[in-house]
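Order-wise, the sequence lines are chains F and H. All residue numbers for the first sequence refer to our numbering, where the first residue is 24 and numbers rise by one. All residue numbers for the second sequence refer to our numbering, where the first residue is 24 and numbers rise by one. Quick reminder that beta carbons are idealized off the backbone N, C-alpha and C, glycines included. What follows is a single structure, written as structure tokens, with notes after it.
Protein chains: 2
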Amino acid sequence: MSQAHEYVKAHFDQFKSQLFDLLRIPSISTSVDHAGDVQRAAQWLADDLERIGLHPVEIIPTAGHPIVYGEWMGAGLDAKTILIYGHYDVQPALKSDGWINEPFEPEERDGHIYARGSSDDKGQIFTHMKAVESIRANGAKAPVNLKFLIEGEEEIGSTHLADFVAANRDKLQADVCVISDSGMPNSEQPSILYALRGLITMDVEVFGSATDLHSGTYGGSVHNPVQALAEIIAQLHKPDGSVAVPGFYDDVLPLSDEERTELQKTGMSESLWRQTTGAPKQWGEPGFAIHERTGARPTLEINGMAGGYFEPGFKTVLPAKAWAKISCRLVANQDPEVISRLVQNYIMNISPATIRTTVEISEGTRAAFVDIRTPEMQAAIQAFEKGWGKKPVFMREGGSIPVVSDFQSELNAPVILMGFGLNDDGAHGPNEHFMVEMFRKGINTAIYFYEAIGA
Amino acid sequence: MSQAHEYVKAHFDQFKSQLFDLLRIPSISTSVDHAGDVQRAAQWLADDLERIGLHPVEIIPTAGHPIVYGEWMGAGLDAKTILIYGHYDVQPALKSDGWINEPFEPEERDGHIYARGSSDDKGQIFTHMKAVESIRANGAKAPVNLKFLIEGEEEIGSTHLADFVAANRDKLQADVCVISDSGMPNSEQPSILYALRGLITMDVEVFGSATDLHSGTYGGSVHNPVQALAEIIAQLHKPDGSVAVPGFYDDVLPLSDEERTELQKTGMSESLWRQTTGAPKQWGEPGFAIHERTGARPTLEINGMAGGYFEPGFKTVLPAKAWAKISCRLVANQDPEVISRLVQNYIMNISPATIRTTVEISEGTRAAFVDIRTPEMQAAIQAFEKGWGKKPVFMREGGSIPVVSDFQSELNAPVILMGFGLNDDGAHGPNEHFMVEMFRKGINTAIYFYEAIGA
Chain F
24 MSQAHEYVKA
34 HFDQFKSQLF
44 DLLRIPSIST
54 SVDHAGDVQR
64 AAQWLADDLE
74 RIGLHPVEII
84 PTAGHPIVYG
94 EWMGAGLDAK
104 TILIYGHYDV
114 QPALKSDGWI
124 NEPFEPEERD
134 GHIYARGSSD
144 DKGQIFTHMK
154 AVESIRANGA
164 KAPVNLKFLI
174 EGEEEIGSTH
184 LADFVAANRD
194 KLQADVCVIS
204 DSGMPNSEQP
214 SILYALRGLI
224 TMDVEVFGSA
234 TDLHSGTYGG
244 SVHNPVQALA
254 EIIAQLHKPD
264 GSVAVPGFYD
274 DVLPLSDEER
284 TELQKTGMSE
294 SLWRQTTGAP
304 KQWGEPGFAI
314 HERTGARPTL
324 EINGMAGGYF
334 EPGFKTVLPA
344 KAWAKISCRL
354 VANQDPEVIS
364 RLVQNYIMNI
374 SPATIRTTVE
384 ISEGTRAAFV
394 DIRTPEMQAA
404 IQAFEKGWGK
414 KPVFMREGGS
424 IPVVSDFQSE
434 LNAPVILMGF
444 GLNDDGAHGP
454 NEHFMVEMFR
464 KGINTAIYFY
474 EAIGA
Chain H
24 MSQAHEYVKA
34 HFDQFKSQLF
44 DLLRIPSIST
54 SVDHAGDVQR
64 AAQWLADDLE
74 RIGLHPVEII
84 PTAGHPIVYG
94 EWMGAGLDAK
104 TILIYGHYDV
114 QPALKSDGWI
124 NEPFEPEERD
134 GHIYARGSSD
144 DKGQIFTHMK
154 AVESIRANGA
164 KAPVNLKFLI
174 EGEEEIGSTH
184 LADFVAANRD
194 KLQADVCVIS
204 DSGMPNSEQP
214 SILYALRGLI
224 TMDVEVFGSA
234 TDLHSGTYGG
244 SVHNPVQALA
254 EIIAQLHKPD
264 GSVAVPGFYD
274 DVLPLSDEER
284 TELQKTGMSE
294 SLWRQTTGAP
304 KQWGEPGFAI
314 HERTGARPTL
324 EINGMAGGYF
334 EPGFKTVLPA
344 KAWAKISCRL
354 VANQDPEVIS
364 RLVQNYIMNI
374 SPATIRTTVE
384 ISEGTRAAFV
394 DIRTPEMQAA
404 IQAFEKGWGK
414 KPVFMREGGS
424 IPVVSDFQSE
434 LNAPVILMGF
444 GLNDDGAHGP
454 NEHFMVEMFR
464 KGINTAIYFY
474 EAIGA
């Protein structure tokens with residue numbers, strides 16, 4: 024066992040305790056009330072990056088939440104440079120959503136760390152930080168130069184990151200970019216992502232009467248906006264489960280038989296799907312398997328909807344307004360701008376004259392593809408093999424990481440999606456968790472990866 | 024001008040100030056957090072009833088919120104007895120719903136008192152209390168015996184009132200029951216209600232996955248419950264605006280040409296409807312005018328719906344659950360139990376196997392009809408004529424007052440629906456208001472009514 028791996032073994036409990044401290048900061052980027060916490064998490068990371076020997080470490084303000092940047096260039100000009108990306112912001116979470124522990128009071132139970140952000144993405148970026156700490160223990164040199172880029176806006180669409188990357192090409196220049204913000208289907212079989220879906224989001228609002236009305240006095244003469252919005256939403260999918268927006272699938276490239284066969288290896292069985300989701304019966308686009316529907320096909324999802332009185336009790340109100348939050352996952356060759364307009368136009372077209380509808384589009388993200396034949400990918404394969412004792416398989420993921428295509432286009436560097444989470448970690452849901460064994464293997468695998476790139 | 028009417032004139036400012044005190048109590052019956060306020064409002068009313076000379080006055084506990092009861096039997100056994108009904112509980116209200124003033128900090132602006140409950144129903148029951156105070160000023164006797172029955176659960180379906188009425192037939196026995204909990208189309212033309220719609224309410228819940236999931240990882244394979252609920256709601260009406268539940272209209276009696284002609288007199292014009300509602304275009308059951316849709320035909324309304332993340336910002340969640348609150352307004356000859364089952368069965372039938380649906384029915388209220396040929400109604404017509412200087416017209420109302428049919432069946436007494444509100448008072452919505460002139464004319468009209476009944 025190398026000195027670095029010995030260090031991991033000796034300090035692992037301390038690493039966990041440090042991660043707990045980071046997880047206690049409710050850095051929810053979508054909530055203005057938590058702006059101070061987001062800032063606090065940035066400071067915490069900057070302090071730890073300095074402690075493990077990066078220099079300089081900066082907290083760089085953006086028009087939104089700050090970016091934490093730190094580097095160690097001590098391997099020299101001839102050595103390779105790795106840019107490591109992660110995010111310190113998290114999704115909202117309330118105990119009342121169904122959490123066992125308070126989401127920002129981490130607990131270890133049955134080999135898992137339970138807390139919002141434990142897997143997505145604090146635990147994963149921290150894995151790299153502890154790999155760097157271990158490899159540089161006692162003043163040792165790392166075989167590669169290291170750059171950390173940790174943003175605070177991933178959960179709200181990485182609003183200011185693309186501009187930052189474009190404006191700082193020289194600063195961020197690297198031979199390979201590593202992104203650890205994804206999951207594997209299971210902890211025994213390592214896997215590497217090579218495709219991510221893109222994302223577009225939009226806010227739909229439907230207005231009826233000018234104010235809430237008494238449903239007894241006016242009900243039956245006003246088109247209820249909750250009902251009207253439901254009628255619109257019901258027309259977004261065909262009865263067979265496919266998306267009904269005209270042109271939605273037009274630019275999707277068909278899956279080759281070869282790719283379908285490879286994907287089949289990490290495909291989710293109906294019984295595992297049922298066990299993980301708890302849903303009564305699978306649903307979705309006809310002609311595609313579960314893992315194809317979630318990973319290789321575009322989807323349209325209602326992330327939330329509300330209107331009228333929906334608290335306990337009853338209020339016989341005819342609401343003035345209803346609203347929904349809609350997102351689409353996109354696959355390669357689909358243009359976020361084009362699809363956003365298609366959905367917007369379709370919604371406006373099917374909205375009746377009895378209500379007033381608005382559709383506000385947010386900036387979208389393209390789907391990403393990674394070339395799996397590069398030398399950097401070979402280094403990653405080797406690192407996973409050493410970390411797990413098993414060759415990794417390749418897979419597609421349904422989620423979106425906006426920065427992938429920015430790195431590819433702006434930095435012209437290969438991207439490795441080195442996820443240490445698991446698909447059932449419950450990212451974005453209640454009881455999000457990070458497997459302790461994934462944390463440990465992740466640190467060791469990251470060390471192997473730095474060594475393989477530097478070799 | 025009689026002594027009672029002189030008293031009204033001299034004390035009207037004081038009456039208003041007392042009403043403001045009552046309106047400051049947020050007696051929201053649907054919220055457990057406000058149970059103390061509901062109790063406080065009951066005590067406030069009991070105190071004022073005692074002050075104006077009723078005896079005994081009781082605050083009678085129920086399994087829910089208490090009933091306030093008080094009587095004055097000083098007119099003697101040979102005199103007639105009037106039972107006056109109202110309610111002191113109110114609908115929920117938050118300034119953020121669009122109120123100009125705090126809903127429980129009453130304000131007078133442009134001849135209207137703005138506060139939750141000002142019209143529905145504190146202002147209206149208080150109108151009778153001030154009429155009694157005025158008629159009995161300086162120890163004068165009233166020409167009739169008086170009983171006040173003021174409940175605290177009208178806004179949650181008068182849950183415990185029917186049992187109370189049935190168990191207290193002797194106590195409540197009266198020659199005529201007066202209910203002041205409704206509105207007129209305009210303040211210049213007095214009108215008397217003779218028909219009210221019934222009401223059924225139900226809670227629909229749709230469940231998908233066991234917990235909230237990441238929409239990128241599972242979206243496209245799980246039937247999103249918000250989408251599924253929208254699909255269910257969209258099937259509750261036909262595209263033409265009629266209710267799609269099979270059998271919904273089966274027991275509805277057709278409107279006679281005669282009745283349609285009479286109703287036409289208080290019918291709402293398209294331009295007034297547009298002005299009052301602010302909605303872009305009228306909607307509803309084909310073949311019926313606006314006032315028929317809202318007053319004489321049954322309807323099905325979505326009072327609220329929610330699911331997923333609907334706060335500001337975005338959360339790419341695949342929600343585990345969505346829920347809606349649905350109510351139907353019923354007309355004469357429709358059985359609440361039968362219609363509830365029809366709607367429940369229909370929803371369960373159209374719910375797909377990819378989700379789990381529950382429909383919880385609450386107790387319903389029958390529609391009510393009042394015979395307009397009774398002597399008591401003649402007394403009411405006379406009172407309105409004196410109060411307004413104009414003969415009242417007869418009309419139907421879309422709202423529901425559960426107690427009407429209970430009074431009719433249990434007390435076997437004629438019911439007079441003597442509403443002093445206006446249809447555009449904004450009951451149940453933001454900026455609810457009560458016209459000061461309606462309050463003044465209402466007190467005078469109530470005095471004329473007591474005198475006419477006692478004559």
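Here F:S292 is exposed. Its C-beta has fewer than 16 other C-beta atoms within 10 Å. CA-CA distance, H:I404 to H:D44, rounds to 32 Å. Spatial neighbours of F:K413 in its own chain (CB-CB distance under 7 Å, excluding positions within 5 residues in sequence) are listed in chain order as Q212 and P213. By the neighbour-count criterion, in which a residue is buried when 16 or more other Cβ atoms sit within 10 angstroms of its Cβ, H:N372 is exposed. Here H:K39 is buried: its Cβ has 16 or more other Cβ atoms, across all protein chains shown, within 10 Å.
For F:D235 and F:P342, the gap between their C-alpha atoms comes out near 5 Å.
For H:D120, the residues of chain F that pass the 8 Å Cβ criterion are D235, in the order they occur in the chain. The residue among F:H183, F:V167 and F:G76 with its C-alpha nearest the C-alpha of F:E399 is F:V167. Rounded to the nearest whole angstrom, the C-alpha separation of F:T300 and H:A218 is 51 Å.
DSSP places F:N467 in the helix class (H, G or I) of the three-state scheme. A distance of 9 Å or more separates the beta carbons of F:G331 and H:A302.
For H:G477, the three-state secondary structure derived from DSSP is helix.
For the stretch 264-297 of chain F, the residues whose beta carbon sits under 7 Å from a beta carbon of chain H are, in order, W296. For H:V227, the closest of H:N191, H:N326 and H:V91 by C-alpha to C-alpha distance is H:N326. For F:S244 against H:T224, the beta-carbon gap comes to about 20 Å, at or over 8 Å, which does not count as contact.
For F:S423, the chain H residues whose Cβ falls inside 9 Å of its Cβ are G239 and T339, in order along the chain. In this structure F:G87 touches F:T182 by the C-beta definition: roughly 5 Å separates them, less than 8 Å. Look at H:E433 here: in three-state DSSP terms it is helix.
For the stretch 345-356 of chain H, the beta-carbon criterion of a distance under 8 Å to any beta-carbon of chain F is satisfied by A345, W346, A347, K348, S350 and R352. With 16 or more other Cβ atoms from the protein chains shown falling within 10 Å of its own Cβ, H:Q250 counts as buried. The way I'd put it, the stretch 27-41 of chain H doesn't touch the stretch 104-115 of chain F; fewer than three beta-carbon pairs between them come closer than 8 Å. In the structure shown, the three-state DSSP call for F:W411 is helix. C-alpha of H:E474 to C-alpha of F:A253: approximately 53 Å in a straight line.
Under the Cβ distance rule, F:E420 counts among the residues neighbouring chain H, one pair being separated by less than 9 Å. Rounded to whole angstroms, the gap between the alpha carbons of F:T85 and H:E130 is 45 Å. In terms of beta-carbon proximity, H:V427 stays away from the interface with chain F, with every pair separated by 9 Å or more.
The beta carbon of H:G134 sits closer than 6 Å to those of V459, all from its chain and outside the five residues before and after it, given in chain order.
At a cut-off of 9 Å between C-beta atoms, H:A406 does not count as an interface residue with respect to chain F. Distance check between F:F392 and each of F:I215, F:G465, F:E73 and F:S54 places F:I215 closest, using alpha-carbon atoms only. Taking the Cα positions, H:A312 is about 39 Å away from H:Q196. Only I51, S52, T53, S54 and V55 from the stretch 40-64 of chain F bring a Cβ to less than 9 Å from some Cβ of chain H. When DSSP states are grouped into helix, strand and coil, F:M291 belongs to the coil group. For F:A450, no beta strand (DSSP E) segment is defined, and its DSSP state is neither H nor E. Judged by beta-carbon spacing, F:V266 lies within the 9 Å limit of F:L259, meaning their Cβ atoms are closer than that value. Between the stretch 90-110 of chain F and the stretch 158-173 of chain F, the count of C-beta pairs closer than 8 Å reaches three or more; the two stretches touch.
With respect to chain H, the C-beta atom of F:E433 has no partner C-beta closer than 9 Å.
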